[in-house]
Amino acid sequence: MAQDTTIDEQARELARGILARPATEEDIAIVEHQLGRYPRGMVAVGARCVCGRPLAVVTRPLLPGGVPFPTTCYLTGPEAVKAISHIEAEGKMKEYNDLLGEDADVRAGYERAHKLYLAFRHEIAVAMGDSEEHILGTSAGGMPVRVKCLHALLAQTLVMGEGANPIGDLALRAITHEFDPNVCRCTVENND
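Taking this note's numbering, the leading residue of the sequence shown gets 6, the next gets one more, and so forth.
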């Protein structure tokens with residue numbers, strides 16, 4: 006139970022810090038340009054490039070119109086999306102799924118990442134007054150038992166920091182030749 010308390014406290018601290026800096030109109034405009042559509046439910050930028058542009062955003066659990074949305078940490082940086090798509094196409098998801106089956110420490114870390122994701126989303130839901138009824142127990146990226154979407158897992162690592170998700174951490178290390186959050190490679194210009 007002590008670990009759950011630690012997870013809850015970590016999630017609460019992360020959510021407070023992120024929600025203390027809500028998305029600005031400029032952030033929303035940049036993300037809209039990155040995605041090619043309006044970022045529904047975006048409440049904050051969870052991770053930024055060193056140049057300040059959004060890399061991953063935090064989305065509320067209930068989108069306008071009452072649509073449940075379990076993907077709280079959403080990858081938006083085009084360079085990150087492109088890089089992670091490359092390693093997905095190269096078969097990294099199978100490699101990471103095999104690793105989950107073989108390595109008890111990675112599996113335990115992944116289960117912890119799932120619990121942290123759920124606790125973080127709960128904190129966002131409480132702050133936004135959103136219901137989680139239709140997405141309870143559902144996190145993102147296939148957690149806690151398989152790797153289904155490296156985009157979501159990388160977004161969690163970027164938003165919550167290295168160590169939050171072992172598979173997100175591995176994915177980040179696998180793409181540093183193409184994407185590194187500490188090196189600006191942004192190709193999307195501000196809408197000034």
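Beta carbons: idealized from backbone N, C-alpha and C, even for Gly.
If you're wondering where the values come from, they're calculated on a predicted model, not measured in any experiment.
Exercise for the section: In the DSSP assignment, find the alpha helix (DSSP H) that holds V50 and state where it starts and stops. Expected result: Walking along the sequence shown from the start, residue 50 turns up at place 45. No alpha helix (DSSP H) contains V50, which is instead part of the beta strand (DSSP E) from M47 to R53.
Exercise for the section: Check each candidate in R45, E93, R17 and A52 and name the one with the smallest Cα separation from G70. Expected result: Here the question's residue 70 lines up with position 65 in the sequence shown. It is R45.
Handout entry: Alpha-carbon spacing of L159 relative to V72, whole angstroms
Key = Along the sequence shown, read from residue 1 onward, the residue named residue 159 stands at position 154. Along the sequence shown, read from residue 1 onward, the residue named residue 72 stands at position 67. For L159 and V72, the distance between alpha carbons rounds to 24 Å.
Practice task
Run the CB neighbour count on Y115, radius 10 Å, all protein chains shown included, and call it buried at 16 or more, exposed below.
Solution key: Taking the first residue of the sequence shown as 1, we reach residue 115 at position 110. By the neighbour-count rule (16 or more Cβ atoms within 10 Å), Y115 is buried.
Problem - Endpoints, beta strand (DSSP E) assigned at V63 - result: Residue numbering aside, residue 63 sits at position 58 when the sequence shown is read from its first letter. From DSSP, the beta strand (DSSP E) with V63 extends over P59 to T64.
Exercise for the section: Evaluate contact between the segment 145–154 and the segment 104–121, counting only Cβ atoms and requiring at least three cross-stretch pairs below 8 Å. Expected result: yes
Practice task
To the nearest angstrom, report how far apart I172 and R178 are at their CA atoms.
Solution key: Within the sequence shown, numbered from 1, the residue matching residue 172 stands at position 167. Within the sequence shown, numbered from 1, the residue matching residue 178 stands at position 173. Going by the C-alpha atoms only, they are around 10 Å apart.
Handout entry: M148 at chain D interface by Cβ criterion, 8 Å
Key = No chain D appears in this structure, which consists of one protein chain only.
Problem - Beta-carbon spacing of E167, A88 below 8 Å - result: Looking up residue 167 in the sequence shown gives position 162. Looking up residue 88 in the sequence shown gives position 83. No, the pair does not count as a contact, with Cβ atoms beyond the cut-off.
Problem - Endpoints, alpha helix (DSSP H) assigned at L105 - result: Mapped onto the sequence shown, residue 105 falls at position 100. From DSSP, the alpha helix (DSSP H) with L105 extends over K97 to E107.
Handout entry: Beta-carbon proximity check, A132 vs L24, cutoff 8 Å
Key = Walking along the sequence shown from the start, residue 132 turns up at place 127. Walking along the sequence shown from the start, residue 24 turns up at place 19. Yes. Within cutoff.
Handout entry: CA nearest to the CA of E201, picked from A157, Y122, N187 and G146
Key = An answer regarding residue 201 cannot be provided, because it is not within the stretch 6 to 197 covered by the chain.
Practice task
Out of L155, E138, I140 and H139, point me to the one whose CA is closest to G146's CA.
Solution key: If you number the sequence shown from 1, residue 146 lands on position 141. Closest option to G146, Cα to Cα, is L155.
Exercise for the section: Examine the Cβ distances between the segment 133–144 and the segment 73–92 and report whether three or more of them are shorter than 8 Å. Expected result: yes
Handout entry: Exposure of K99, with buried meaning 16 or more beta-carbon neighbours within 10 Å
Key = The count along the sequence shown starts at 1 and reaches residue 99 at position 94. Flag for K99 reads exposed.
Exercise for the section: Quick one: residues in its chain with C-beta nearer than 7 Å to the C-beta of A20, no 5 flanking neighbours on either side, listed in chain order? Expected result: Taking the sequence shown and counting its residues from 1, one reaches residue 20 at position 15. Result list for A20: F125, E128, I129 and A132, in chain order.
Exercise for the section: May I ask which residues mark the beginning and end of the alpha helix (DSSP H) holding L158? Expected result: The residue labelled residue 158 in the question sits at position 153 within the sequence shown. Where L158 is concerned, the enclosing alpha helix (DSSP H) stretches over L155 to M165.
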